Amino acid sequence: MTQTPPSRTHAEEPSPAAVRRVAVASLVGTTVEWYDFFIYASAAGLVFSQLFFTALDPTTALLASFATIGVSFVARPLGGIIAGHLGDRLGRKGMLVATLLIMGLATTGVGLLPTYASIGVAAPILLLVLRLLQGLSAGGEWGGAALMAVEHAPPGRRGFFGTYPQVGVPIGLIMANLVFLAVSTSTTREQFLAWGWRIPFLLSIVLVGVGFFVRLKVDESPVFEQLRDQRARRSSPMLAVLRDQPRALLVAIGLFIANNMIGYLLIAFITSYGTRVLGLSSATMLAVGIVGAVVWGVAIVWSGAWSDRVGRKRVYLIGTIALLVWSFPFFLLLDTASLPWMLLAVVGLGVGLGMTYGPQAAAYAELFPAPVRYSGASFAYAVGAVLGGGFAPLVAQALIGATGTSLSVSVYMVIVCLITLAAVLAMREGSAAEREAFVVGT
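Be aware that the sequence shown starts at -11, since it is given in the working numbering, and climbs by one per residue.
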């Protein structure tokens, strides 16, 4: 840490009820956001190549389908810059509502979209436009949810309360897989391709309504209110981050690369890999993904709480090493196509993913001073996602196609883990007393 934070005595301490409302709002909202994001990833692996890229051969169509996942990541830094600027200037709460609405409308639009057979090349173009809107929303969503949870947190529990938006990710994945599992097992293959795949997307509008209602009832961040009262807001927070916080920004980006890359193997790649390469049913692979997500969620909560006691850096270090060590066993176990061994593969992966995601909200909040915190955290998260998970399913598919072995993807996993390990080692962490307070001002 490059700053010495004062105590938060100048800001009114939130009531326990207000803290609970914010925690629930962060959890519900991010769950809905990532449900929307993940049903697209699942559909990209299962059906989009056959519905929107039918003019291509099967392999190229699948690559094009996975590429649309990556396209959204291109928009995420822009979403992070826009939402970060407005969040640092106008407040965290408004951005939470806006990003949720954008994601919900884009996701519902995908569910209503005609296929290539109906409108030709306009279908994949519109699909890309809607995916870009999802990317804009996702780029701004996380920073607001994370900061609202962490900045409302009671003393000494910032890591734990920071897990509320984090655990929304595996819960969203579980919901997405459960819905796809229910639809795919209750319809024939022809029905699923004809209309069944649309159901998970259209359900989004209901979930967004719930999240919107919950988020409207939360209070603004006490840290932002203090900034406003002290007239400490910056006119160009993103420029201030680039000028004054380059080291913190690079560290924050690096901390997320391995987690996001490997997370997207669990989220988007293994379902397609299991059905197309291992010859297993989509129901089996969706169930395997659900188990991995459950373990991931439990590990997030545990590791976030643990980071309050031992520090963020130590938890990150152990988690990153765990992911690195598990890179080769993961695919060796997965390739057995035996359910018990496959479950062991995703359980091990889920533990490492949880330990490198649980402390993230608190770690990012502690890397950037309050006047530029939303901009710094959102931009770092978005760029880390682009470099990590943005094109991970596409790269993994290309590596297997070129080498004929899944172990080439294990090598890919090791490389990104080494990048994150370097960021962890470069991370400067203050004492427990310094972690206890926020910086207000420069």
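The beta-carbon is built from N, C-alpha and C at its ideal position, and this holds for glycine as well.
Keep in mind it's a predicted model, so treat the numbers as computed, not measured.
For I306, which residues in the same chain have their Cβ closer than 8 Å to its Cβ, ignoring the five residues on either side in sequence? M343
Tell me which residues share the same chain as V198 and place their Cβ nearer than 8 Å to its Cβ, disregarding the 5 neighbours each side in the sequence. V16 and V20
Three CB pairs or more closer than 8 Å across the segment 25 to 40 and the segment 84 to 104: yes
Going by C-alpha distance, which of A287, Q179 and E417 is nearest A353? E417
Is the separation between the beta-carbon of G338 and that of G280 shorter than 7 Å? yes
CB contact flag (L135, R64, <7 Å): no
Note down, in chain order, each residue of its chain lying with its Cβ closer than 7 Å to the Cβ of F316, except the 5 sequence neighbours on either side. L395 and S398
For F257 and D232, what's the separation of their Cα atoms in angstroms? 38 Å
In terms of residues, what are the limits of the alpha helix (DSSP H) holding A256? Looking at the DSSP string, A256 is not in any alpha helix (DSSP H), and its letter there is neither H nor E.
Is the distance from the Cβ of A431 to the Cβ of F26 below 7 Å? Here the chain comprises residues numbered -11 to 430, so residue 431 is not present and cannot be evaluated.
Out of curiosity, what's the CA-to-CA distance linking V85 and L243? 27 Å
What's the gap between the Cα of E321 and the Cα of T263? In the sequence on display, residue 321 carries Leu and not Glu. L321 and T263: Cα-Cα distance of roughly 16 Å.
Starting from H73, trace the alpha helix (DSSP H) in both directions and tell me its first and last residue. P46 to L78
Given a cut-off of 7 Å on the beta-carbon distance, is the pair A350 and G75 in contact? no
Which of the three DSSP states is assigned to G377 in this structure? coil
What is the C-beta distance between S125 and M91, in whole angstroms, given that I count them as a contact (C-beta under 8 Å)? 4 Å
Please state if the CB of G131 and the CB of Y362 are separated by a distance shorter than 7 Å. yes
Going by C-alpha to C-alpha distance, which of S260, V211 and F201 sits closest to L50? S260
Using a Cβ-Cβ cut-off of 6 Å (strictly less than) and excluding sequence neighbours within five positions of E208, which residues of its own chain qualify? G79 and K81
By Cβ distance below 6 Å, which residues in the same chain neighbour V167 in space, the five residues on each side in sequence not counted? P188
Under 7 Å between C-beta atoms of G67 and G127: yes
Length of the line joining the Cα atoms of A411 and V371: 14 Å
Apply the 10 Å Cβ neighbour rule to R8 and answer buried if 16 or more other Cβ atoms are within range, or exposed otherwise. exposed
For A246, which of L195, S192 and A310 has the nearest alpha-carbon? A310
Can you tell me which of V283, G364, A182 and V206 puts its alpha carbon nearest to the alpha carbon of G99? A182
To test your reading of the DSSP string, which unbroken alpha helix (DSSP H) runs of 4 or more residues are found completely within the segment 96 to 174? 104 to 107, 110 to 139, 146 to 149 and 151 to 174
Would you tell me roughly how many angstroms separate the C-alpha atoms of G108 and E213, rounded to the nearest one? 51 Å
Simplified DSSP assignment, three categories, for S(-5): Reliability fails at S(-5), whose pLDDT of 39 lies under 50, so the model's placement of it is uncertain and the value that follows must be treated cautiously. S(-5) falls in the coil class under three-state DSSP.
Looking only at its chain, what residues have a beta carbon closer than 8 Å to the beta carbon of T(-3), apart from the 5 residues adjacent to it on each side? Because the pLDDT at T(-3) is just 43, under 50, the model does not fix this residue reliably, and the point stays unresolved.
According to DSSP, is P347 helix, strand or coil? coil
If you follow the alpha helix (DSSP H) that P432 is part of, which residue opens it and which one closes it? With the chain represented from -11 up to 430, any question about residue 432 goes unanswered, as that position is not in the structure.
Need the endpoints of the alpha helix (DSSP H) that V412 sits in, please. L395 to A414
When you compare only the Cα positions, how much space is there between R302 and L413? 10 Å
When burial is assigned at 16 or more other CB atoms within 10 Å of the CB, is E178 buried or exposed? exposed
Terminal residues of the alpha helix (DSSP H) in which D232 lies: P225 to D232
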